[in-house]
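Structure first, then comments.
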Amino acid sequence: MPAKKISVDNAKKEKLFYFVANVVVYRERDGRCLILRRDEREKVHPGRYAVPGGKLEWADMDITKPTRINGDVLDFENAVEGLLKREVLEEAGIEIEDNFKYLNSVAFVRPDETPVVLVKFAAKYKSGDVKPEEGAFTDYVWVNSEEVGKYE
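14 is the number of the first residue of the sequence shown in the working numbering; add one for each residue after it.
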């Protein structure tokens, strides 16, 4: 029988992680990539430049609207892609293309001791003018591979 709610009651504590996805947004015309300066109040990398992204949340999987039911398993296809498109729009005010390229992944432990699995992608800039999300970011810049090292 498919699940009726999302719960961690049956999850093994040692297997619980935040799932985070980031995306390198690049402009095809000049090869520059977008980086945003994180607010000083952020828990991870305060004041440093980063690419857009965010955590996959339960709200990203509306239990009443799975994209497919696979036996007793509720599938939510393209949840990560949807997360990235939403986060780029929220954090930078721009849209990205649908084709994502996997870059790499890393597991780490945040300063507050929260374990995280981070998966990184690249996507082409589609449209819009960059407007950093107020309260989360303070600046932005489009950089090339030689310039990115100047920004921390």
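Note that beta-carbon positions come from the ideal geometry of N, C-alpha and C, so glycine has one too.
**Request:** Tell me whether GLU55 sits in a helix, a strand or coil according to DSSP, three-state version.
**Result:** coil
**Message:** So the candidates are VAL21, THR151 and ASN23; which of them puts its Cα closest to the Cα of ALA105?
**Reply:** THR151
**the stretch 102 to 120 / the stretch 78 to 90 touching (three or more Cβ pairs under 8 Å)** = no
**Request:** Grab the span of the alpha helix (DSSP H) containing GLU100 for me, first residue to last.
**Result:** 92 to 105
**Integer Cβ distance of ALA24 from VAL93, believed to fall under 8 Å** = About 19 Å separates the two Cβ atoms, so there is no contact after all.
**Separation of VAL38 from GLU159, as counted between CA atoms** = 16 Å
**Prompt:** If we ignore side chains and look at the alpha-carbon of each, how far apart do LYS17 and LYS26 end up?
**Reply:** 21 Å
**Message:** Using the Cβ count rule (16 or more neighbours within 10 Å means buried), how would you classify PRO128?
**Reply:** exposed
**Request:** Out of ILE48, TRP155 and GLY67, state which residue places its alpha-carbon closest to the alpha-carbon of GLY60.
**Result:** ILE48
**Prompt:** Under the DSSP definition of a beta bridge, which residues are partnered with PRO128?
**Reply:** VAL122
**Item:** CB contact below 7 Å: LYS78 versus chain C
**Value:** Any reference to chain C falls outside this structure, which holds one protein chain only.
**Asked** Quick one: what does DSSP say VAL154 is sitting in, helix, strand or coil?
**Response** strand
**Request:** Alpha carbon to alpha carbon, how far is ARG42 from MET74? Give it in angstroms, no decimals.
**Result:** 35 Å
**Message:** Just to check my reading of the structure: TYR138 and ILE107 have Cβ atoms closer than 8 Å, yes? What is that Cβ distance to the nearest angstrom?
**Reply:** 6 Å
**Prompt:** Alpha carbon to alpha carbon, how far is ARG40 from LEU29?
**Reply:** 36 Å
**Prompt:** Between SER118, VAL143 and PHE89, which lies nearest to LEU102 when the distance is taken from Cα to Cα?
**Reply:** VAL143
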